[in-house]
Amino acid sequence: MKFSIVNILVSGLLLAAAGVDACQCRVGSRQGQYCGHCSAVLVTPDFVYDHVYECNERGGCQDYGKRTDCERSNNPCPF
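Read in order, the letters of the sequence shown correspond to residues -22 to -1, 1 to 57 in mature numbering (1 follows the signal peptide of the UniProt record, and there is no 0).
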């Protein structure tokens, strides 16, 4: 099968448009927002301790970025 440059570019654009996030949560976590220090958020190469993450029960995750409340490790999990 031959791949053309157009096929490769289209594939790359589709992956980018899918919005795949690099964070990951534990499967079975309650839907909600968690600081990086919470056990529901799994450590990945893109993990940041003081970011807030939206987790769902299937392990899906969205990184909302830095939150000053997450700089302290005594915040509730989830918010």
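All C-beta atoms in this analysis are idealised placements derived from N, C-alpha and C, irrespective of residue type, glycine included.
Where H29 is concerned, the enclosing beta strand (DSSP E) starts and stops at H29 to C33.
At the C-beta level, G14 and D28 come within 8 Å of one another. Classified as exposed, Y42 has fewer than 16 neighbouring CB atoms from the shown chains inside 10 Å of its CB.
By the 16-neighbour rule on beta-carbons within 10 angstroms, V19 is buried. Looking only at C48, E35 and T22, the smallest Cα-Cα distance to R4 is reached by E35. Looking from the CA of Y12, the closest CA among E32, T22 and F25 belongs to E32.
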